[in-house]
Amino acid sequence: MKPGNVRVSGLGKQFRRGAQKEGRLIELLRGKTPYEYFWALKDIDFTVGDGEVLGVIGPNGAGKSTLLRIISRITRPTEGTVEIRGRVGSLLSVGTGFHPELTGQENILLNGTVLGIPRSVIREQTEEIVEFAEIGEFIDTPLKYYSSGMRVRLGMSVALHLRQEVMLVDEVLAVGDASFREKCLDAISAVTQSGRTVLFVGHNLEMISSTCDRAVWLHKGVMQAIGPAPEIVEAYQKKALHSDQVQDGLLPLEGRPQHGTGEGLRLTHVRLLDEDGAQVPTFTTGQPVRFAVGFERDERGPPPALSIGITIYGHGRMAVAQCESACVTDPFDSIPDLGEFVCVMPRLPLLPGRYSLGLKCKSAESVLHAVPNGGSFYVLDGDFYGRGVLPPPGGGNALLEYEWSVVER
Amino acid sequence: MTQSGGSGHDVVSAGPAVPVDVIAPPARVTFPDLAELWRHRSVLWVLVWRNVTRRYRQTLLGPLWFVINPLMRMVIFSVVLGNLAGLPSDGVPYPLFTYTALLPWELFAMGVDRSTTCLVSYHHIISKVYFPRLILPAAEVVTALVDFSLSFGILLLMMLVYGVDFTPRIFVLPAFLGLAMAAALAVGFFLGPLQAHYRDTSNFVKYLVQFWFYGTPVAYSATLLQGRVPEWVQTLYQANPMNAVVEGSRWALIGTGRPPDVLMLWSALATVVVLFLGSLVFLRTEQSVVDLA
């Protein structure tokens, strides 16, 4: 194996499930074992190396963290082996060994050493670490007086100075305020581009398919697939689509958190429709689509000057766009007892992926009914610009209309 | 969807300097990997430093506490046991008599206490990052040694005040301190894993150390037993490695106590054997300790 190569063969990890009770001596004497066992990982096989970036995806409880914990030698497998040529650095251990009574400076040394950074390197890079963490003159203050954000930033910036041959990275590590998050993501992608072997656990599927060469998909401890990242991500998304309850294209709003005065009207559901008004389970990029927001009017009736709006959210509930009736048409003054507000889009300008909807129905004065999270829908790969090409994922979800040309000056 | 290419990258390495690590299920017997421990020695130093520094942060007296604690203990012992109970001290001033034994004893007692709980108290570290976990009990015992050295300064001052002659015997002292540390580590190797499984252990350890304390001539002179107990009890009593540590330290510092003898050598050897067996037990448990959480 070359340096930086990792070979996982037949890997399995069994955990026990069951409460740790008091007074176990009696149970032990009776010969009872109070535990049952389950496999958190089973029959995992793959090889990664040569500066490859391997994404690890799967729903919660798939065994992603267990896999990384075994590779970083924190816990031993129950069966199988991992062979590694080179040292393993882990960005999962942010802030490990931090002690509140020690100063930031001292904690950098402590944390760095425990993570396996040579002391000479820590000393050389202390300034850089402090600067990245944005803690400035707090460097000589005991850690216990730090805000939680400062602590995390300090931990993160130490961890980002790890220089091992194999790196384990978890995307949720990008924390803090927006600008620090951005810095972390930049630093993480610098790690993924450094030519080292990287195992990347991610939840942002767009980021996985854009930064990883290959991806492995885990489900309940079992390897579903491994292969080129975009392919695996797509397969995973399709699977998730099938297990989601929205597959018939009807998103009921009942039981979802909601607010508003409730005066005269209630939103009941959202339906996904194609251009002919037929209900569809998913949308396709660039196709004509309709959102139909169902409502029920009560006998009092709503106040006049109604407007309706939907907000489309992408990954991590980042708002992508808002579609407000007030922007494109006059307020609705009269509505039927039962009906739907229909929003028509001639060409859906969204990249493939999972989105969710927020809904808000207002009168001139007040919010009548709002459902901040009205459920989610999927957009499948399609054509938007008429040339069969879409921008790569990771650069924003909305597709704008534009033209490019060259002019002489 | 394709299955993994398996061993497609199986090319002979260009850089033979980087060894292949194999992570495998826990082995029945794992021997201590001294080379690996050496590679990770800086972790030991930084943990010791952390233990020592953090204790006097945000205190008025700071590092003085390292000296005050054993000093107060010595005063209490002198007043209660030396003056009131009138325990014999072999003709040496009682404070000096106690202190020469108390310091090595504390080194042992603190080492036992801390190394027993280390797998639990460092759980937040060992569940996040890997280094050989044998370093943890070792760091705890070395921390106890740092405490010892500070109090030892006080002892040297006391010896000057009482006009004790320093002899070359003092150079034998490190051997006894080494034995105290080995004994502490040996106990910690066995009880640390037990503590990780059952938190009852540390309660048990408290009493174990107390019994051990009274079974060792720290606060009283070993002459107290002479002629009062059968020969074999006396032998057993002296076979206690801490007896060797305490009596040997007295001999090295103030000339009383027990000069090094064959029995001491045997109990030292036994300690080393137990220490080795303990390390096997520790390494066996260490591999699954994180999952116990």
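Residue numbers (numbering that gives the first Met the number 0), protein chains in the order written: chain G, 0 to 408; chain V, 0 to 292.
Glycine residues also receive a C-beta, built at the ideal position from the N, C-alpha and C atoms.
Restricting to Cα atoms, I'd like to know which of the options is closest to residue i.
i	options	result
Gln209 (chain V)	V:Gly162, V:Glu105, V:Asn50	V:Glu105
Ala158 (chain G)	G:Leu250, G:Thr112, G:Ala277	G:Thr112
Ile474 (chain G)	G:Gly62, G:Arg213, G:Phe137	Examination of residue 474 (chain G) is not possible in this model, given that chain G is present from 0 through 408 alone.
Ser248 (chain V)	V:Leu46, V:Phe275, V:Gly177	V:Gly177
Gly11 (chain G)	G:Asn4, G:Gly308, G:Met0, G:Phe45	G:Phe45
His98 (chain G)	V:Pro103, V:Cys117, V:Asn50, V:Ala143	V:Asn50
Arg299 (chain G)	G:Ala318, G:Gly263, G:Val52, G:Arg195	G:Gly263
Ala174 (chain V)	V:Met158, V:Leu190, V:Asp112, V:Trp250	V:Trp250
Pro251 (chain G)	G:Ser333, G:Gly357, G:Leu367, G:Pro76	G:Gly357
Tyr36 (chain G)	G:Asp49, G:Gly50, G:Arg16, G:Gly54	G:Arg16
Tyr401 (chain G)	G:Gly393, G:Pro391, G:Arg408, G:Gly385	G:Gly385
Ser266 (chain V)	V:Asp290, V:Met241, V:Pro25, V:Leu282	V:Met241
Thr283 (chain G)	G:Pro345, G:Gly220, G:Glu105, G:Phe179	G:Pro345
Tyr93 (chain V)	V:Ala238, V:Gln237, V:Gln286, V:Met157	V:Met157
Pro302 (chain G)	G:Asp329, G:Ala363, G:Gly293	G:Ala363
Ala182 (chain V)	V:Val78, V:Phe96, V:Ala238	V:Ala238
Determine the chain G residues that contact residue i at a beta-carbon separation under 7 Å, and present them in chain order.
i	result
Pro24 (chain V)	Arg75, Pro76, Thr77, Glu78
Ile124 (chain V)	Thr95, Gly96, Val113
Val289 (chain V)	Ile73, Thr74
Gln209 (chain V)	Correct list: empty, because the minimum Cβ distance to chain G is about 23 Å.
Val294 (chain V)	Outside the displayed span of chain V (0 to 292) sits residue 294 (chain V), for which this structure offers no information.
Determine the DSSP secondary structure at residue i, reduced to helix, strand or coil.
i	result
Gly394 (chain G)	coil
Tyr36 (chain G)	strand
Arg249 (chain V)	helix
Met0 (chain V)	Per-residue confidence for Met0 (chain V) stands at a pLDDT of 34, beneath the threshold of 50, marking its modelled position as unreliable; no derived number is given.
Ser333 (chain G)	coil
Trp44 (chain V)	helix
Val157 (chain G)	helix
Leu223 (chain V)	helix
Pro141 (chain G)	strand
His98 (chain G)	coil
Gly135 (chain G)	helix
Ser375 (chain G)	strand
Trp216 (chain G)	strand
Tyr197 (chain V)	coil
Val228 (chain V)	coil
Asp290 (chain V)	helix
Ala174 (chain V)	helix
Phe65 (chain V)	helix
Gly11 (chain G)	strand
Glu407 (chain G)	coil
Asp42 (chain G)	strand
His8 (chain V)	Note on His8 (chain V): pLDDT 33, under 50, position unreliable in the model; the coordinate value appears next. Of the three classes helix, strand and coil, the one that applies to His8 (chain V) here is coil, per DSSP.
Met222 (chain G)	strand
Chain G partners of residue i, CB-CB under 8 Å?
i	result
Thr52 (chain V)	Glu100, Leu101, Glu105
Arg56 (chain V)	Glu100, Leu101, Pro141
Report buried or exposed for residue i, applying the criterion of at least 16 other Cβ atoms within 10 angstroms of its Cβ.
i	result
Ser404 (chain G)	exposed
Lys143 (chain G)	exposed
Gly7 (chain V)	Per-residue confidence for Gly7 (chain V) stands at a pLDDT of 32, beneath the threshold of 50, marking its modelled position as unreliable; no derived number is given.
Ile169 (chain V)	exposed
Glu139 (chain V)	buried
Lys237 (chain G)	exposed
Met71 (chain V)	exposed
Gln124 (chain G)	buried
Ser114 (chain V)	buried
His368 (chain G)	buried
Thr142 (chain V)	buried
Taking Cβ-Cβ distances shorter than 9 Å, what residues in chain G pair up with residue i?
i	result
Arg20 (chain V)	Strictly speaking, residue 20 (chain V) in this sequence is Asp, with Arg absent from that position. Correct list: Arg72, Val81, Glu82, Ile83, Arg84, Gly85, Arg86, Val87.
Asp308 (chain V)	Since the first residue shown for chain V is 0 and the last is 292, residue 308 (chain V) is missing from the structure and cannot be characterised.
Whose Cβ in chain V lies nearer than 8 Å to the Cβ of residue i?
i	result
Leu114 (chain G)	Val128
List the residues of chain V whose Cβ lies closer than 7 Å to the Cβ of residue i, in chain order.
i	result
Arg118 (chain G)	Ser41
Output, in chain order, the set of chain V residues within a Cβ distance shorter than 9 Å of residue i.
i	result
Glu53 (chain G)	Per the sequence presented here, residue 53 (chain G) reads as Leu, with Glu not at that position. Simply none; closest approach about 10 Å.
Ile138 (chain G)	Here the premise fails: no neighbours, minimum Cβ distance about 16 Å.
Ile69 (chain G)	Ile22
### Message
Count Cβ pairs between the stretch 202-218 of chain V and the stretch 148-157 of chain V that sit closer than 8 Å; are there 3 or more?
### Response
Short answer: they don't touch.
### Message
For the pair the stretch 304-323 of chain G and the stretch 378-392 of chain G, tell me if three or more CB-CB distances fall below 8 Å.
### Response
Note that the stretch 304-323 of chain G does not touch the stretch 378-392 of chain G; fewer than 3 beta-carbon pairs, one per stretch, sit closer than 8 Å.
### Message
Any contact between the stretch 124-132 of chain G and the stretch 192-207 of chain G? By contact I mean 3 or more CB pairs, one from each, below 8 Å.
### Response
Output reads no: the stretch 192-207 of chain G does not touch the stretch 124-132 of chain G.
### Task
Flag this pair as touching only if the stretch 117-127 of chain V and the stretch 213-229 of chain V have three or more C-beta atom pairs under 8 Å; answer yes or no.
In the pairwise beta carbon analysis, the stretch 117-127 of chain V is classified as not touching the stretch 213-229 of chain V: fewer than three pairs are separated by under 8 Å.
### Query
Is the stretch 100-114 of chain V touching the stretch 244-258 of chain V, taking contact as three or more C-beta pairs under 8 Å?
Cβ pair count under 8 Å is three or more, so yes.
### Task
For the stretch 68-75 of chain G and the stretch 146-161 of chain G, state whether three or more C-beta atom pairs, one from each stretch, are separated by less than 8 Å.
As far as the Cβ criterion goes, the stretch 68-75 of chain G does not touch the stretch 146-161 of chain G, which means the pair count is below three.
### Message
Any contact between the stretch 134-143 of chain G and the stretch 114-122 of chain G? By contact I mean 3 or more CB pairs, one from each, below 8 Å.
### Response
No, they do not touch.
### Query
Are there three or more Cβ pairs, one per stretch, closer than 8 Å when the stretch 42-62 of chain G is compared with the stretch 387-402 of chain G?
As far as the Cβ criterion goes, the stretch 42-62 of chain G does not touch the stretch 387-402 of chain G, which means the pair count is below three.
### Task
Evaluate contact between the stretch 318-333 of chain G and the stretch 267-285 of chain G, counting only Cβ atoms and requiring at least three cross-stretch pairs below 8 Å.
No, because fewer than three Cβ pairs between the stretch 318-333 of chain G and the stretch 267-285 of chain G fall closer than 8 Å, the two stretches do not touch.
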